[in-house]
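This report concerns only the one structure given below.
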Amino acid sequence: ETGVTQTPRHLVMGMTNKKSLKCEQHLGHNAMYWYKQSAKKPLELMFVYNFKEQTENNSVPSRFSPECPNSSHLFLHLHTLQPEDSALYLCASSQERRGYQPQHFGDGTRLSIL
Amino acid sequence: AQSVTQPDIHITVSEGASLELRCNYSYGATPYLFWYVQSPGQGLQLLLKYFSGDTLVQGIKGFEAEFKRSQSSFNLRKPSVHWSDAAEYFCAVGSNDYKLSFGAGTTVTVRA
């Protein structure tokens, strides 16, 4: 499924680097989400955007900074990350920000912090 | 707040055999229930969803799930697995607002 596209697919960065993850959805959805997936742990919701407005910050450290310039694009800016931030970062979108709306996921960015 | 438990971390099944993955949820109101599958190196793909009505739900790839309110369960089944069904499976429950809570996942290995 190519409805939600994430780039890059893999990213290796040092703890002092600054990088950004990009997500683009072609489904005409109005809500977008960032999740963190660590091994053997449930998906952790990080941020939620609804019609470009941030509606949820799930106690995420400030070294992660989201940006949503429009309903189709979502970014996650990274700086001064820690080794425990190594994980798969998944972007998702849904038609509306409602619990009954299925979320459609991208293939994720595998992030490794050196 | 809602929560999901997937009791089985890992299941191994022979190709052609039946598969059942367990999911128990906790939520005070009528739940919105989902099953997703994640193949290696990929994101999550929606298999099926339950909101109301018929408690037996059909999904893609030959999967079905049954909602049992009395047991707070939403188990996923497939009558005959294929090698391509090897993946990680996630059960999720949605609340009346927007939050989707996922279980920790069940890894399915298919042996020839």
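Those protein sequences? They're chains G and Z, same order as listed.
Here the numbering used here is used: the first residue of the first sequence is 15, the next is one more, and so on.
Here the numbering used here is used: the first residue of the second sequence is 753, the next is one more, and so on.
Note that beta-carbon positions come from the ideal geometry of N, C-alpha and C, so glycine has one too.
Against chain G, a Cβ distance below 8 Å from residue 820 of chain Z picks out nothing, because the smallest value is about 19 Å. As the crow flies, the alpha-carbon of residue 63 of chain G is around 43 Å from that of residue 768 of chain Z. Residue-level contact by beta carbon holds for residue 846 of chain Z and chain G, with a gap shorter than 8 Å. Ranked by Cα distance from residue 99 of chain G, the options G:106, G:126 and G:84 are led by G:126.
Taking a Cβ-Cβ threshold of 9 Å, the residues of chain Z close to residue 54 of chain G are 761, 856 and 857, in chain order.
Nearest neighbour of residue 803 of chain Z by Cα position, chosen from G:116, G:121, G:120 and G:122, turns out to be G:116. Nearest CB-CB separation between residue 849 of chain Z and chain G: below the 8 Å threshold. Shown in chain order are the members of the region 771-801 of chain Z whose Cβ falls below 8 Å from a Cβ of chain G: 784, 786, 788, 793, 794, 795, 796, 797, 798 and 801. A straight line joining the alpha-carbon of residue 124 of chain G with that of residue 82 of chain G spans about 21 Å. At a cut-off of 8 Å, the C-beta of residue 808 of chain Z has no neighbouring C-beta in chain G.
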